[in-house]
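The opening residue of the sequence shown carries number 971 in our numbering; numbering runs sequentially from there.
Ideal placement from N, C-alpha and C gives every residue a C-beta, glycine not left out.
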Amino acid sequence: MTAPDILDAFVACGSTGSLQQFNAAAVLAPSDVHVAYCLSALGGVTDERTDLAAAFATRAPRLGHVCVDLRSIRHTASSDTDTEAEIDALPWPDPDEWLEALASSGLVGTDRPLHLEGTNLYLNRLWLDEVAVAEDLRRRADAPALEVDDGLLAKGLEGLFREEPGDEDPDHLQPVAAAVAVLRRFSVIAGGPGTGKTTTVARALALLDAQAVALGNPPPLIALAAPTGKAAARLEEAVRAEAARLAVDDATRTRLQGLRGTTLHRLLGFDPGNRTRFRHRAGNQLRHDVVVVDETSMVALSMMARLLEAVRAEARRVLGGDPEQLASVEAGAVLGDIAGPATAGLCMGDAMRDRVATLTGAAVPASTDRLRSAVGNGVVALRYVRRHRGAIAELARAIQRGDADGALDVLKTGGSNVQWMDASAHGDASGLEAIRALAVASGRAAIEAARAGEAEAALGALGGFRLLCAHRRGPDGVTTWTRQMEAWLTGEVEGFFTGADWYVGRPLIITENDHSLQLFNGDVGVVVQGEDRPMVAAFERGGEVVTVSPTRLAAVDTVYAMTVHKSQGSQFHTVAFLVPATGSRLLTRELLYTGVTRAQERLILVGAEEPIRAAIERPITRASGLRRALWGATA
């Protein structure tokens, strides 16, 4: 019997009353119930209402929430099996009586396992993390702008952000974001794929390097970090590639190209003597003058708290990412909470906006809202998309706005680079044939190049087409579609056979970080014919192809299809995205947006109107108090 089976059996035998009913309805998991029983036993609590509240507080981070609102949870709770009517019929306590019983239970308060803030109930550790993040960011946001050489900064902005013909950004927000990153101790450069976030970061780092040299200071010590090894490697590559193009002196270029990306875990360092803390923390902070974090949407609340406490007060922190993408798999939607209303337009104060306008030599767009928080002085959301245009960009913007009618109008019109197959995930014959043709063409090109030992061409062919799924398993999942695509290739490509574990032409995805090989979770490669051995696994790294023996790859899978979650940070020429049927818990606005924006040139969206509309009208709403703490009650 497995551990989950043992826990299920324990809860089924031991749970009584309301906890048993909520568990039977699949609203609470066995682990939620078990933790609630343990907390109540330790606190000597016998009130079922308190048990139920503790179970929901435990459930919250399991589903990505930081807390649970006990007044509204009856109307927002979901179940894998029961309908809304059945959930509503469960024995929900009266909210006022529930809160009163909890407040007097002994489980809530300082040095207690739970914290009650208004109607929001937290596990105490998450409450402490949220308070720490909010206080740190408010303190840094309230600090005055850093002293810089304004003349040098203005000259640098003019030189680095001179727009090329045909690429004029109507908002001119990239130089604004770079100026903010130089002036503020804390800044956010947000935006969707292709808006130039990493380009802006690289240029801001060049400006900081120039400032240090001009003032006679040592060049700033810069850290490039991201939540995953794959994202860290992409950040490093992008900064180095941009540095090669910049109009800067050789010394600055050399320093930028010498930067190395790392994961947040490796940046903070593991403490051999303490398994729950990092080596770099409040009492042993990082030496870096600038800490850049990319893909911040994937950073959980607890990790953000550990990072902020490890960065010196006088150091700059630059957070980059797309608040509209899928958030961390752990608790919190930190980037979205931090960016707040500034994702819709600048929320700077007049003084900051006037200074930035003087430095950039262009009018800074007026705030869309009055300045409610000093945090707004440091947040710039880039909107001008350079990577994908046409109907893909129109569809992405409609999804972002939550405009289901507008998105469906784009799909029904049939733009130059968007094709909608109005069918259930794979029930339409024409849709299936279109995907089959693309999969076979891409697979054939990759296999032929791999057999010829042409690793770069094989990798390029694989990047030409990718099938995305919401789920890993099930009829519309990655596992099913991988088998289908292998069957298509077996019938179409001479000599293609997948019976062996390793075969030439096999597309690979790394599923666990391997720092010894510098391969990270999500990296994609292909098996090719080797020069002096039967086969090698080839991966692209920093614009170059590296090869390793397949026998050295411990955690790897076949990647004819990929989940949307795994695709974050990647781009493909053509994407076929299979929208799951209505009722999928994963079907959200953020999932749809992330899948759509993986396509650079062509998107094929396969799915019925009802689930597409349902996804757009269902944004991920993670319960948290961070946005309110940073922006105020009306944010």
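CA-CA distance, Gly1039 and Trp1068? Checking the displayed sequence, the identity of residue 1039 turns out to be Asp instead of Gly. Straight-line Cα distance between these residues: approximately 11 Å.
If I measure Cβ to Cβ from Gly1372 and keep anything under 8 Å in the same chain, skipping five residues before and after, which residues do I get? In the same chain as Gly1372, and ignoring 5 residues on each side of it, the C-beta atoms closer than 8 Å to its own belong to Arg1559, Ile1586, Glu1587 and Pro1589, in chain order.
Excluding sequence positions up to five away, which residues of its chain have a Cβ less than 6 Å from the Cβ of Ala1151? Within the same chain, Ala1151 has close Cβ partners Ser1157, Ala1174 and Val1288.
For Arg1559, name the three-state secondary structure that DSSP assigns. helix
Where Asp1052 sits in the DSSP three-state scheme: Interpretation of Asp1052 is limited by its pLDDT of 46, a score under 50 that renders its predicted location unreliable; the figure taken from the coordinates is listed afterwards. If DSSP states are grouped into helix, strand and coil, Asp1052 belongs with coil.
Taking the C-alpha atoms as reference points, what is the distance between Arg1225 and Leu1205? Spanning the two alpha carbons is a distance of roughly 15 Å.
Can you look up Met1391 in the DSSP assignment and give me helix, strand or coil? strand
In the DSSP assignment, the beta strand (DSSP E) including Ile1480 goes from what residue to what residue? Pro1477 to Ile1480
Neighbour-count burial assignment, Phe1467, 16 or more Cβ in a 10 Å radius: exposed
Can you tell me whether Glu1212 is buried or exposed, with buried defined as 16 or more other CB within 10 angstroms of its CB? buried
Are the CB atoms of Val1380 and Ala1361 within a distance shorter than 8 Å? A distance below 8 Å separates the beta carbons of Ala1361 and Val1380.
Between the CA atoms of Asn1491 and Glu1128 - distance to the nearest angstrom: 39 Å
Cutoff 8 Å; reference Glu1482; Cβ partners in own chain excluding five residues on either side: Asn1491, Ala1524 and Ala1525
Which word fits Gly1228, buried or exposed, when buried means at least 16 other C-beta atoms lie within 10 angstroms of its C-beta? exposed
Between Val1345 and Trp1097, which are expected to be in contact by the criterion C-beta below 8 Å, what is the C-beta distance as a whole number of angstroms? Wrong, their Cβ atoms sit about 20 Å apart, outside the cutoff.
Can you tell me where the alpha helix (DSSP H) holding Asp1066 begins and where it ends? Pro1065 to Ala1073
If distances are taken between C-alpha atoms only, which option among Gly1076, Ala1336 and Ala1147 comes closest to Leu1009? Gly1076
Between the Cα of Glu1514 and those of Ala1221, Tyr1563, Gly1430 and Gly1310, spot the shortest distance and give me the residue it belongs to. With distances taken between Cα atoms, Glu1514 lies closest to Gly1430.
Rank Gly1434, Arg1029 and Gln1181 by C-alpha distance to the C-alpha of Ala1593 and give the top, closest one. Arg1029
By how many angstroms is the C-alpha of Val1448 removed from the C-alpha of Asp1441? The displayed chain sequence assigns His, not Asp, to residue 1441. Using only the alpha carbons, I get a separation of about 6 Å.
According to DSSP, is Asn1108 helix, strand or coil? Rather than Asn, the amino acid found at residue 1108 in this sequence is Arg. Looking at Arg1108 - three-state DSSP - the assignment turns out to be helix.
Just how far apart, CA to CA, sit Asp1471 and Arg1503? Whole-angstrom Cα-Cα distance: 17 Å.
For the segment 1162-1228, list the beta strand (DSSP E) runs that are entirely contained and at least 3 residues long, ordered along the chain. 1192-1196
Please state the DSSP three-state secondary structure of Met1505. Look at Met1505 here: in three-state DSSP terms it is coil, with no helix or strand label.
Can you give the Cα-Cα distance for Gln1255 and Cys1439, rounded to whole angstroms? 41 Å
Suppose the cutoff is 8 Å on Cβ atoms and the five residues either side in sequence are ignored; what does the same chain contact list for Ala1202 look like? Leu1194, Ala1195, Ala1196, Gly1231, Thr1232, Thr1233, Asp1264 and Phe1490
For the beta strand (DSSP E) containing Asp1039, name the first residue and the last one. Cys1037 to Asp1039
Where in the segment 1260-1323 do unbroken runs of the alpha helix (DSSP H), each at least 4 residues long, occur, reported from the N-terminal end onward? Assignment of alpha helix (DSSP H) within the segment 1260-1323, counting only whole runs of 4 or more residues, yields 1271-1280 and 1304-1309 in chain order.
Inspect the beta-carbon positions of Ala1275 and Asp1099 and report whether they are closer than 8 Å. Cβ atoms of Ala1275 and Asp1099: closer than 8 Å.
Quick one: what's got a C-beta closer than 6 Å to Pro1135's C-beta in the same chain, skipping five residues either side? With a pLDDT of only 46 at Pro1135, under 50, the local geometry of the prediction cannot be trusted, and no value is derived from it.
Closest Cα partner of Leu1107 within the set Val1576, Ala1422 and Ala1309: Considering only alpha carbons, the answer is Ala1309.
Buried or exposed, going by whether 16 or more other CB atoms sit within 10 Å of the CB of Phe1547? buried
First through last residue of the alpha helix (DSSP H) which encompasses Glu1128: Asp1120 to Leu1130
Roughly how many angstroms lie between the CA atoms of Ala1377 and Val1576, to the nearest whole one? Distance between the alpha carbons of Ala1377 and Val1576 is about 14 Å.
At which residues does the beta strand (DSSP E) containing Asp1379 begin and terminate? Not the beta strand (DSSP E): Asp1379 falls in the alpha helix (DSSP H), residues Ala1374 to Thr1383.
According to DSSP, which residues form a beta bridge with Asp1527? Ile1479
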